[in-house]
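Beneath this line is the structure, given in structure tokens, with notes to follow.
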Amino acid sequence: MTANRLLVIGPVAFLAAFFLYPLAAILGRSFGGGEFSPDPFWVVLGDPYYLGRIWFTVWQAAVSTALTLIVGLPVAYLFARHEFPGKTVLKALTTLPFIMPTIVVAMGFIALLGPQGLVNTALAGLFGDDGPQVQVTNTLTIIFMAHAFYNYAIVVRIVSAFWSNLSPRFGESAAMLGAGRIRTFTHVTLPLLMPSLLSSAVLVFVFSFTSFGVVLVLGGPRFATLEVSIYELTVKLFRLDVAGALALVQLAFTSAFLLVYTRLQAQSAVPITFVPVDAVMRKRRGFRDVAVLAAIVVGLLVVLSPLVALVERAVSSGGGYSLTHFVGLFTDDRGSYFYVSPLMVIWNSIRFALASMVIALAVGTAASYVIVRRRGRSGVVDALFMAPLGVSAVTLGFGFLVAFNRAPIDLRGSWLILVIAHSLVAYPFVIRSVLPVLRGMPPHLKESAALLGATPLNVFIHVELPIIARALLVGATFAFAVSMGEFGASLLLVRPEFTTIPVATFRLLGQPGESNLGQALAMSTLLMAVVTVGFVAIERFRYRNVGGF
Amino acid sequence: MKISAAVALMMLMTVFAVACRGDADNELVIMTHDSFAISEELIAEFEAEHNATVVLQPAGDAGEALVRAILEKGNPSADLLYGIDNTYLGRALDEEIFDEYRPDLLDEVPAQFVLDESGHVTSIDYGYVNLNYDIAYLADHGLTPPTTLEELTGPDWKGRLVVENAASSSPGLAFLISTVSYFGEDDDYDYLDFWRDLRANDVLVKDGWTAAYYTDFSQYGGDRPLVVSYATSPAAEYLFSAEPVEVPPTGNILIDKASFLQIEGIGILKGANSKNLAKKFIDFALGTSFQEDFPEQMFVYPVNQNAAIPDSFRFAEIPSEPADIGALEIGEKREQWIQAWTEVVLR
Numbered sequence: 030m031t032a033n034r035l036l037v038i039g040p041v042a043f044l045a046a047f048f049l050y051p052l053a054a055i056l057g058r059s060f061g062g063g064e065f066s067p068d069p070f071w072v073v074l075g076d077p078y079y080l081g082r083i084w085f086t087v088w089q090a091a092v093s094t095a096l097t098l099i100v101g102l103p104v105a106y107l108f109a110r111h112e113f114p115g116k117t118v119l120k121a122l123t124t125l126p127f128i129m130p131t132i133v134v135a136m137g138f139i140a141l142l143g144p145q146g147l148v149n150t151a152l153a154g155l156f157g158d159d160g161p162q163v164q165v166t167n168t169l170t171i172i173f174m175a176h177a178f179y180n181y182a183i184v185v186r187i188v189s190a191f192w193s194n195l196s197p198r199f200g201e202s203a204a205m206l207g208a209g210r211i212r213t214f215t216h217v218t219l220p221l222l223m224p225s226l227l228s229s230a231v232l233v234f235v236f237s238f239t240s241f242g243v244v245l246v247l248g249g250p251r252f253a254t255l256e257v258s259i260y261e262l263t264v265k266l267f268r269l270d271v272a273g274a275l276a277l278v279q280l281a282f283t284s285a286f287l288l289v290y291t292r293l294q295a296q297s298a299v300p301i302t303f304v305p306v307d308a309v310m311r312k313r314r315g316f317r318d319v320a321v322l323a324a325i326v327v328g329l330l331v332v333l334s335p336l337v338a339l340v341e342r343a344v345s346s347g348g349g350y351s352l353t354h355f356v357g358l359f360t361d362d363r364g365s366y367f368y369v370s371p372l373m374v375i376w377n378s379i380r381f382a383l384a385s386m387v388i389a390l391a392v393g394t395a396a397s398y399v400i401v402r403r404r405g406r407s408g409v410v411d412a413l414f415m416a417p418l419g420v421s422a423v424t425l426g427f428g429f430l431v432a433f434n435r436a437p438i439d440l441r442g443s444w445l446i447l448v449i450a451h452s453l454v455a456y457p458f459v460i461r462s463v464l465p466v467l468r469g470m471p472p473h474l475k476e477s478a479a480l481l482g483a484t485p486l487n488v489f490i491h492v493e494l495p496i497i498a499r500a501l502l503v504g505a506t507f508a509f510a511v512s513m514g515e516f517g518a519s520l521l522l523v524r525p526e527f528t529t530i531p532v533a534t535f536r537l538l539g540q541p542g543e544s545n546l547g548q549a550l551a552m553s554t555l556l557m558a559v560v561t562v563g564f565v566a567i568e569r570f571r572y573r574n575v576g577g578f
Numbered sequence: 292m293k294i295s296a297a298v299a300l301m302m303l304m305t306v307f308a309v310a311c312r313g314d315a316d317n318e319l320v321i322m323t324h325d326s327f328a329i330s331e332e333l334i335a336e337f338e339a340e341h342n343a344t345v346v347l348q349p350a351g352d353a354g355e356a357l358v359r360a361i362l363e364k365g366n367p368s369a370d371l372l373y374g375i376d377n378t379y380l381g382r383a384l385d386e387e388i389f390d391e392y393r394p395d396l397l398d399e400v401p402a403q404f405v406l407d408e409s410g411h412v413t414s415i416d417y418g419y420v421n422l423n424y425d426i427a428y429l430a431d432h433g434l435t436p437p438t439t440l441e442e443l444t445g446p447d448w449k450g451r452l453v454v455e456n457a458a459s460s461s462p463g464l465a466f467l468i469s470t471v472s473y474f475g476e477d478d479d480y481d482y483l484d485f486w487r488d489l490r491a492n493d494v495l496v497k498d499g500w501t502a503a504y505y506t507d508f509s510q511y512g513g514d515r516p517l518v519v520s521y522a523t524s525p526a527a528e529y530l531f532s533a534e535p536v537e538v539p540p541t542g543n544i545l546i547d548k549a550s551f552l553q554i555e556g557i558g559i560l561k562g563a564n565s566k567n568l569a570k571k572f573i574d575f576a577l578g579t580s581f582q583e584d585f586p587e588q589m590f591v592y593p594v595n596q597n598a599a600i601p602d603s604f605r606f607a608e609i610p611s612e613p614a615d616i617g618a619l620e621i622g623e624k625r626e627q628w629i630q631a632w633t634e635v636v637l638r
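In order, the protein sequence lines correspond to chains A and B.
One rule links them: number in this note's numbering = place in the first sequence (from 1) + 29.
One rule links them: number in this note's numbering = place in the second sequence (from 1) + 291.
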């Protein structure tokens with residue numbers, strides 16, 4: 030009984046202390062702390078400009094989500110149903126875009142598709158200077174492309190984890206009854222995958238909805254989302270009241286979407302027999318299989334090409350290839366107070382990411398159990414736990430400052446504030462990956478174990494853990510990734526000795542000069558290397574402990 | 292189940308336990324914007340002289356750092372805030388976040404670089420925001436740098452200028468203010484008419500300096516040879532070139548009244564723990580050793596007239612006649628200008 034109570038108290042306390050309390054603190058402050066006035070809301074809802082921003086934010090998120098699913102599904106299929114050499118590494122590479130700083134990704138796109146990029150240079154070579162040119166920078170198209178680029182890994186990871194434990198028997202039966210490949214997919218596989226599809230789609234949607242960097246850096250201010258408007262109102266126009274009202278409008282929208290989703294999610298889950306991975310992988314391969322696989326792999330490489338362009342630029346110097354920029358990173362020419370050795374920077378990123386991952390796994394798993402057990406109102410509880418993703422990062426960031434600024438909890442200047450902020454964005458990923466599996470788990474499994482005399486702890490370790498293990502690893506991967514790539518929280522701190530890789534990259538890009546750019550890209554290349562190793566390590570962890578699941 | 296709950300609880304307890312940290316004696320915390328830079332050596336010198344520990348804490352860009360200081364009013368996490376400039380001074384003074392302090396060395400600061408007459412914010416450095424151009428691009432296309440702002444609305448410069456968003460970026464706002472100074476607010480052809488024409492001439496607005504400079508400026512893979520940047524940017528290009536160069540690849544366009552003098556200062560936050568140490572730091576920051584150190588770290592000029600200017604700054608020309616709009620007027624009208632500008636250029 031105590032264990033059960035702890036299980037509920039833990040995640041609820043975390044949410045209350047590190048989300049609801051700082052949010053309430055900053056909103057109280059924004060609205061003047063006195064009596065409530067509806068004026069700021071009228072400023073927002075009575076202004077066609079803000080209404081336009083709301084509408085734009087909604088529809089661009091919808092289009093981005095659709096595009097992301099289209100890109101992500103074939104890759105999810107590849108990883109779910111096929112075993113091939115180099116799979117673990119390819120899977121790690123697939124997830125890299127998710128952690129890259131937006132400004133760096135923008136440079137990757139420019140290097141490929143910009144006015145002087147590879148594609149346009151090639152086109153000019155073929156058709157001359159007056160021939161056709163690709164023009165995508167600073168357009169809406171590139172925002173959609175970038176959202177898909179950033180978020181398709183969410184679809185790939187969550188769907189493929191679910192898919193790879195899904196018995197192929199349903200599909201085989203359908204085929205035996207005469208259904209074609211397409212019909213089997215749309216009528217059997219797709220409905221079975223629905224819980225994981227919805228799970229990843231809602232994450233992608235919320236991420237696109239609250240998108241900040243991608244929209245700003247690649248699209249420019251004409252395409253401002255609500256998050257962008259909140260930032261400008263807070264930091265540049267000092268209209269905290271209007272910013273607060275807009276942040277609440279944003280939260281209302283994301284909560285509404287999350288509620289609709291949790292309703293759908295609860296309906297779509299049916300108890301499913303999960304089978305070990307080995308039983309699912311396709312062993313026999315025909316020519317058709319190979320062709321499909323090859324096409325998907327090539328497509329994947331195209332998606333990843335902006336990253337390749339970055340690495341290429343990081344190792345270029347003075348017309349040839351060299352490691353000049355990497356060497357430059359390790360030398361402190363100017364004796365600056367803010368110089369931090371790249372090794373220290375990498376170590377900071379790794380330790381913060383590991384700490385965030387542990388907290389996110391604990392909170393996320395416990396929260397998933399809380400949600401599953403609340404049969405009646407599980408949708409509301411689920412949406413509440415997801416809310417940290419839907420709130421404005423600027424608002425919450427300043428909320429942390431206002432909330433945790435005196436003893437006994439003065440977190441300012443402490444690295445904990447960073448780790449907590451990262452876990453807050455990371456644990457929803459754990460929930461979204463674990464919940465579909467938990468819901469699909471047939472109740473008789475636990476019941477039989479309990480009847481046979483197993484304690485709840487034993488049931489968890491021997492029955493439930495092996496089944497949710499794969500989902501937990503997906504959650505762990507994203508928790509690690511969220512923390513590795515997070516830049517916004519630097520607003521909250523950070524003492525120079527806590528500099529992380531994205532912060533160091535951005536600092537280098539704060540000054541003009543070829544070698545600053547080169548070193549920033551070298552730093553990003555190191556980020557990719559470290560994260561790839563991290564992802565592969567997380568993946569390996571599975572095989573050691575929990576076998577086929 | 293037990294495990295995860297217990298782990299979560301332990302985490303929380305650790306958080307609370309570790310969070311109760313004490314403040315070290317004689318610690319001086321200086322909140323800065325992200326672009327602040329100084330030699331470690333100088334900080335060590337100050338620490339040794341005053342037996343103190345100095346912590347420099349970047350807190351986002353200048354606007355973010357100011358909002359943070361305002362939210363922490365009365366209970367500041369730092370003793371000093373560095374990075375208040377003439378576009379933010381009005382706001383900082385209105386909020387009364389600073390204590391007054393007038394260091395003796397102010398006598399060495401020429402009048403035009405004194406930021407705050409009221410004595411709350413002490414000037415430390417200054418710089419100029421103006422247009423930069425890509426020398427090779429202009430040569431390849433047979434263009435010569437514009438000599439008036441009006442030219443920018445002509446066919447030669449169609450689709451060739453990138454500026455920063457005045458509502459979110461410091462150089463963006465600085466350039467907007469220069470156009471107000473250059474064209475005036477209620478002339479026949481005022482600053483908004485100019486921006487309307489610029490928009491018609493396909494000006495590109497990016498949200499921040501980094502994105503504008505590193506993704507749209509033709510020097511770095513974009514297709515726009517003119518960018519709003521700083522007068523010291525060519526000097527930085529010279530110092531940070533990948534291979535040593537004789538002259539930088541970019542140049543300054545200095546049009547009278549169309550460059551913006553940005554003065555940055557430091558102030559003691561009300562309620563600071565180490566007020567005396569903070570005063571000593573301001574004295575130190577106005578001294579020549581400090582003033583001669585930061586130019587090549589931050590690419591700004593020292594306000595102390597006795598400080599020598601580094602050799603590389605020969606590529607950072609000083610505009611003869613910058614925009615003449617004072618900090619107080621900016622404080623009164625910045626919001627109005629930003630909103631009118633946003634209306635014309637972005638909506």
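All C-beta atoms, glycine included, are put in the ideal place defined by N, C-alpha and C.
Thinking C-alpha only, which one of the options is nearest residue i?
i        : options                                   : result
A:Arg441 : B:Ile600, B:His341, B:Gln348 and B:Ser330 : B:Gln348
B:Thr439 : B:Trp448, B:Gly433 and B:Gly556           : B:Trp448
A:Leu413 : A:Val271, A:Leu280, A:Ser365 and A:Gln540 : A:Leu280
B:Gly558 : B:Ile375, B:Gly475, B:Val320 and B:Ser368 : B:Ile375
B:Thr541 : B:Gly556, B:Lys548, B:Thr523 and B:Phe590 : B:Thr523
A:Val337 : A:Tyr260, A:Val37, A:Glu261 and A:Met557  : A:Met557
B:Tyr521 : B:Thr435, B:Phe604 and B:Asp325           : B:Phe604
B:Gly617 : B:Phe327, B:Thr323, B:Glu587 and B:Ala465 : B:Ala465
A:Val321 : A:Val104, A:Ala549 and A:Phe367           : A:Val104
Using only the alpha-carbon positions, how far apart do residue i and residue j sit?
i        : j        : result
B:Arg382 : B:Ala350 : 17 angstroms
A:Asp158 : B:Pro613 : 40 angstroms
B:Val420 : B:Ile468 : 10 angstroms
B:Glu608 : B:Phe581 : 22 angstroms
B:Pro610 : B:Ile544 : 9 angstroms
B:Ala599 : B:Phe590 : 14 angstroms
B:Arg312 : A:Asp411 : Because B:Arg312 carries a pLDDT of 40, less than 50, the predicted location of this residue cannot be relied on, and no value is offered for it.
Under the three-state reduction of DSSP, which class applies to residue i: helix, strand or coil?
i        : result
B:Leu517 : strand
B:Ser565 : coil
B:Met322 : strand
A:Gly113 : This sequence places Phe at residue 113 of chain A; Gly is not what is there. Residue state, collapsed to three classes: coil.
B:Thr541 : strand
B:Thr330 : Per the sequence shown, residue 330 of chain B should be read as Ser rather than Thr. Correct three-state label for B:Ser330: strand.
A:Arg569 : helix
For residue i, return the contacting residues in chain B, with the cut-off set at a CB-CB distance below 9 angstroms.
i        : result
A:Val246 : Lys497, Asp498, Gly499, Thr501, Ala502 and Thr506
A:Val264 : Gly351, Asp352, Gly354, Glu355, Leu357, Val358 and Ser459
Would the C-beta of residue i count as close to the ligand PLP, meaning under 8 angstroms from any of its heavy atoms?
i        : result
B:Phe485 : In terms of ligand content, the structure shown is empty, and the ligand PLP therefore cannot be addressed.
Could you name the residues of chain B that residue i contacts, counting a contact when the two beta carbons are closer than 7 angstroms?
i        : result
A:Glu261 : Ala458 and Ser459
Counting only Cβ pairs nearer than 7 angstroms, list the residues of chain A close to residue i.
i        : result
B:Tyr511 : Leu546
B:Val346 : Arg524
Interface positions of the region 133-157 of chain A facing chain B (Cβ-Cβ less than 9 angstroms), listed along the chain: Listed by position, the residues of the region 133-157 of chain A near chain B (Cβ gap below 9 angstroms) are Ala135, Met136, Phe138, Ile139, Ala140, Gly143, Pro144, Gln145 and Gly146.
Members of the region 360-374 of chain B that neighbour chain A once the beta carbon cut-off is set at 7 angstroms: Within the region 360-374 of chain B, the residues whose Cβ lies closer than 7 angstroms to some Cβ of chain A are Leu362, Glu363, Asn366 and Ser368, listed in chain order.
Under 8 angstroms (Cβ pairs) to chain B, residues found in the region 356-381 of chain A: Hits within the stretch, in order: Arg363, Gly364, Ser365, Tyr366, Phe367 and Tyr368.
Residues of the region 323-343 of chain B with Cβ closer than 7 angstroms to any Cβ of chain A, in chain order: Those residues of the region 323-343 of chain B that come within reach of chain A (Cβ to Cβ, closer than 7 angstroms) are Asp325, Ser326, Ala328, Ile329, Ser330, Glu331, Glu332 and Ile334.
Contact list for the region 536-553 of chain A against chain B, Cβ threshold 7 angstroms: Legend: CB atoms of the region 536-553 of chain A lying less than 7 angstroms from CB atoms of chain B belong to residues Arg536, Leu538, Gly539, Gln540, Pro541, Gly542, Glu543, Ser544, Asn545, Leu546 and Gly547.
Members of the region 408-437 of chain A near chain B, C-beta cut-off 8 angstroms: Going along the region 408-437 of chain A in chain order, one finds Phe427, Leu430, Val431, Phe433, Asn434, Arg435, Ala436 and Pro437 with a Cβ nearer than 8 angstroms to chain B.
Residues within the region 522-535 of chain B neighbouring chain A, beta-carbon criterion of under 7 angstroms: The region 522-535 of chain B vs chain A, Cβ under 7 angstroms: Ser524, Ala527, Glu528, Leu530, Phe531, Ser532, Ala533 and Glu534.
Members of the region 231-256 of chain A near chain B, C-beta cut-off 7 angstroms: Within the region 231-256 of chain A, the residues whose Cβ lies closer than 7 angstroms to some Cβ of chain B are Leu245, Val246, Gly249, Pro250 and Arg251, listed in chain order.
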